[in-house]
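Reading through the structure tokens given below for one structure.
In this note's numbering, the protein residues as written are 19 to 241.
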């Protein structure tokens, strides 16, 4: 059991779990404030990763995302550069942004075959690729994508207790200081009563997923 610190709104407590997933991934990437980071995919976990990177002081964050709404969320959360993989070459754009060096760390939160190859080819020599996505089926993978760069490819799953506690500690700090802490309130894109769970909650996350990050269900509103 983890206690929510005094002063932290209960609704933000509902975000601890998804933030912990991204915090675990970011920790596995061994990022520093000077790291240039590329995130493949601007869904809830990718956007949470942006917030976690900001909390760790990372200043250069590139997000590759097709949906305009999610691109806007990424900018709002702190991404410095946006790449639209439908219109732009992710690898070329990443090298252009990094002056030909490549990203220090790439987080693949997209979970599509094209993102794997792009992640491996956009990372710098001896950089790190972290797979965060869950895959439903096998995909083609060429080991040479990482061999030629001597890059490291690792995967993460969920989170550990330390990640959960780190997120809570950062939320506590966020309400005592304006520096170096998680500010996840913008992740909540809709608040609904329990009675609207199906139509405005579950269905919205299916039919309007590009415009939603997290839908918060207020149980008390239905009582």
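Glycine included, every Cβ here is placed at the ideal spot set by N, Cα and C. Note that the structure is predicted; figures quoted are calculated from it, not measured.
From the DSSP output, read off the bridge partner residues of residue i.
i: residue 123; result: 55, 146
i: residue 235; result: 210
i: residue 81; result: 57, 100
i: residue 172; result: 148
i: residue 141; result: 121
Using three-state DSSP, classify residue i as helix, strand or coil.
i: residue 190; result: helix
i: residue 99; result: strand
i: residue 157; result: coil
i: residue 34; result: helix
i: residue 109; result: helix
i: residue 224; result: helix
i: residue 48; result: coil
i: residue 24; result: coil
i: residue 218; result: helix
i: residue 177; result: coil
i: residue 131; result: helix
i: residue 203; result: helix
i: residue 86; result: helix
i: residue 75; result: coil
i: residue 241; result: Since pLDDT at residue 241 reaches only 48, below the 50 mark, its modelled position is unreliable, and no value is offered.
i: residue 230; result: coil
Rounded to whole angstroms, how far is the Cβ of residue i from the Cβ of residue j, which I believe are closer than 8 Å?
i: residue 128; j: residue 228; result: Residue 128 to residue 228, Cβ: 14 Å. No contact.
i: residue 93; j: residue 101; result: That pair is no contact at about 12 Å.
i: residue 169; j: residue 147; result: 6 Å
i: residue 29; j: residue 212; result: Actually they are not in contact, since the Cβ atoms of residue 29 and residue 212 sit about 14 Å apart, beyond 8 Å.
i: residue 49; j: residue 74; result: 6 Å
i: residue 188; j: residue 200; result: 4 Å
i: residue 218; j: residue 236; result: Actually they do not touch by this definition, with Cβ atoms about 12 Å apart.
Can we say the region 65-77 touches the region 42-56, given the rule of at least three CB pairs closer than 8 Å? yes
Three or more beta-carbon pairs under 8 Å between the region 50-65 and the region 114-127, yes or no? yes
Segment contact, 8 Å Cβ cut-off, at least three pairs: the region 136-147 with the region 155-172: yes
Across the region 180-199 and the region 19-33, are there enough close Cβ pairs to call them in contact, namely three or more that are closer than 8 Å? yes
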